[in-house]
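Position 51 of the sequence shown, counting from 1, maps to 35 under my numbering, and the rest follow consecutively.
All C-beta atoms, glycine included, are put in the ideal place defined by N, C-alpha and C.
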Amino acid sequence: MLTLLMVIYFSLPLWAADNEDTISTIGMSTLDLTPNQTVIMLEVSGIGKSEVQLEYEINQNVDLLMERLNDEDDIEENSIKKLKQIIKTNNDKYNRKKFKITIPLKIQINNNYTDNQLIDILRNVLQIINNTDPSNKHATYNRSIEITYNIRELYYNFQDYQQQQKRLFKETLTDSKEKLKLIAKILNLKDLRIHKVQEIKSSRLKNYKQSINLNHLQSPQPAKFKEKIKVTYYLY
């Protein structure tokens, strides 16, 4: 649902004359959008005395998890990204060196399903992660290497935020031009061309995250995104 806002207050000018050669209008628009992508930010971490052995085992676990997830029909190819590996070195209370390696994974799911189907898919993916987590299979106190999984973030966002941003900006610019037509008619202006566009309020679609409660999964909900720009036109 798209709503264009055009409000005229007669106590304030509809336009602003920046100088004798330009005139400006404010364009505004609001777009109701529902997130179309699910993102799971997972950290696979391991602690051990041997950096080489630890790195080998943790990569084995990551590869196994990615293989099991890719076996699912609902997980598209290349939708799982292995991010930059983090290595830390610490000493224990006996001053013995221990290593910690963390490999972050970004798992993306397209929301091209009904709400119930999406929740079932998400629940299934979370179950695969839980079943693959070595800490759920072994007692950690008698192992030289400890590996655990941690879901750092779980949220909905926009896979095609650039396309939606373009649509929102286009409608905002249209609103500005509609106001300009009214001004031109009132002032009998014949030739106006865009000089510059200044963003006043950003929709922040790119960084939008709709958190998901891990213990109570909910479907994506629509949200309002507003854009506001100042458009300056040359007077010819």
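7 Å CB neighbourhood of residue i in its chain, flanking five on each side removed
{"i": "ILE105", "result": "ASP58, ILE93, TYR97"}
{"i": "LYS66", "result": "VAL46, ILE87, LEU89"}
Residues of its chain near residue i, where Cβ-Cβ distance is below 8 Å and the 5 sequence neighbours each way are ignored
{"i": "ASP55", "result": "none"}
{"i": "THR116", "result": "ASN45, LEU48, LEU49, ARG52, TYR133"}
{"i": "ALA207", "result": "ASP16, LEU17, THR18, PRO19, TYR192, GLN194"}
{"i": "ARG107", "result": "LEU201"}
{"i": "THR156", "result": "GLY11, MET12, SER13, GLU211, LYS212, ILE213"}
{"i": "GLN21", "result": "GLN92, ILE93, ASN94, ASN95, TYR140, ASN141, PHE142, GLN143"}
{"i": "ARG80", "result": "LYS33"}
{"i": "ARG151", "result": "LEU15"}
{"i": "GLU61", "result": "ASN54"}
Contacting residues, own chain, Cβ-Cβ under 6 Å from residue i (five flanking each side not counted)
{"i": "THR132", "result": "SER29, SER119"}
{"i": "ASN74", "result": "LYS82"}
{"i": "GLN149", "result": "LEU189"}
{"i": "GLN205", "result": "none"}
{"i": "VAL181", "result": "ILE213, VAL215"}
First through last residue of the beta strand (DSSP E) which encompasses residue i
{"i": "ASN75", "result": "70 to 75"}
{"i": "SER29", "result": "21 to 32"}
{"i": "HIS200", "result": "Segment: none, HIS200 is in no beta strand (DSSP E) and carries neither H nor E."}
{"i": "LYS66", "result": "64 to 66"}
{"i": "LEU219", "result": "207 to 219"}
Cβ distance (whole Å) where residue i is taken to contact residue j below 8 Å
{"i": "PHE83", "j": "ILE71", "result": "7 Å"}
{"i": "ILE85", "j": "GLU137", "result": "Not confirmed; about 20 Å, so no contact."}
{"i": "LYS217", "j": "ILE7", "result": "Sequence check: residue 217 is Tyr here, not Lys. Contact flag correct, Cβ pair sits at about 5 Å."}
{"i": "SER63", "j": "ILE91", "result": "7 Å"}
Local conformation of residue i per DSSP, three classes
{"i": "THR98", "result": "coil"}
{"i": "ARG227", "result": "Residue 227 is absent from the model: the chain starts at -15 and stops at 220."}
{"i": "ASN141", "result": "strand"}
{"i": "GLN92", "result": "strand"}
{"i": "THR9", "result": "strand"}
{"i": "LEU172", "result": "Correcting the residue identity first, residue 172 is Asn in this sequence and not Leu. Three-state DSSP puts ASN172 in coil, outside helix and strand."}
{"i": "LEU17", "result": "strand"}
{"i": "ARG188", "result": "coil"}
{"i": "ILE42", "result": "helix"}
{"i": "LYS154", "result": "helix"}
{"i": "ILE87", "result": "strand"}
{"i": "ARG136", "result": "strand"}
Inset, instruction - Would you be able to state if there are at least three C-beta pairs under 8 Å between the stretch 172 to 182 and the stretch 196 to 205? - result: Proximity of the stretch 196 to 205 to the stretch 172 to 182 falls short of the contact definition, fewer than three beta-carbon pairs being nearer than 8 Å.
Inset, instruction - Count the CB pairs spanning the stretch 209 to 216 and the stretch 180 to 188 that are closer than 8 Å, and state whether there are at least three. - result: yes
Inset, instruction - Indicate whether the contact test is met: 3 or more Cβ pairs, each with one atom in the stretch 33 to 46 and one in the stretch 136 to 151, closer than 8 Å. - result: As far as the Cβ criterion goes, the stretch 33 to 46 does not touch the stretch 136 to 151, which means the pair count is below three.
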